[in-house]
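The structure appears below as C-alpha cells.
Residue numbers (our numbering): 31 to 153.
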C-alpha cells in the first residue's frame, strides 16, 4: 500500500471522518502544535452529476467540527504538512488528490484484512 494511502486510511479509521471529508482537509486546518492536536472539517469532496468531484460544504450540518488527533497519527501526518498551507493534506506520491475509487479498489480491502483483530492500522 502507498505510504500516503496508509496515513490517509489511518486518519479515516482513527478520526471517523468520511471519505468525503478527509481528502478535502487543507494543511492550514491541521494543528499538530496544539496541546491536543486537531483538524477542522470545513469542506468535503462531493460527486457531481457527471461522475466528477468538487469541493463543497460537509454534511455535518451544525458548524464546522474539530476532531482530535492522537500522537501516533500526528507523527504520521507531520511529514505531509509541508508546502502551501491551502493544499489538501492527503495526496498521492505524485501530489494528486487521492481517488476514492483507487483507494477503495486497491487499499481499503487490504487495510481491513490486515488490521482485522489488531490495533488500528498496523499494516
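A virtual CB, placed ideally from N, CA and C, is assigned to each residue, including glycine.
DSSP three-state assignment for residue i, whether helix, strand or coil
i	result
residue 85	strand
residue 63	coil
residue 122	coil
residue 97	strand
residue 76	strand
Straight-line Cα distance separating residue j from residue i
i	j	result
residue 115	residue 56	7 Å
residue 66	residue 107	14 Å
residue 40	residue 59	18 Å
residue 84	residue 64	30 Å
residue 42	residue 133	12 Å
residue 102	residue 44	10 Å
residue 151	residue 130	Low local confidence applies: a pLDDT of 48 at residue 151 is under 50, so the model's placement there is unreliable, with the coordinate-based value given in what follows. If you take the alpha carbons of residue 151 and residue 130, they lie about 19 Å apart.
When the options are compared against residue i, the one with the closest alpha-carbon
i	options	result
residue 34	109, 131, 86	109
residue 8	122, 47, 43	Nothing about residue 8 can be reported from this structure: the residues present for the chain run from 31 to 153 only.
residue 86	52, 134, 45	52
Outcome for residue i when other beta-carbon atoms lying within 10 angstroms are tallied against a minimum of 16
i	result
residue 73	buried
residue 75	buried
residue 37	buried
Distance CB(residue i)-CB(residue j) smaller than 8 Å
i	j	result
residue 62	residue 119	no
residue 98	residue 68	yes
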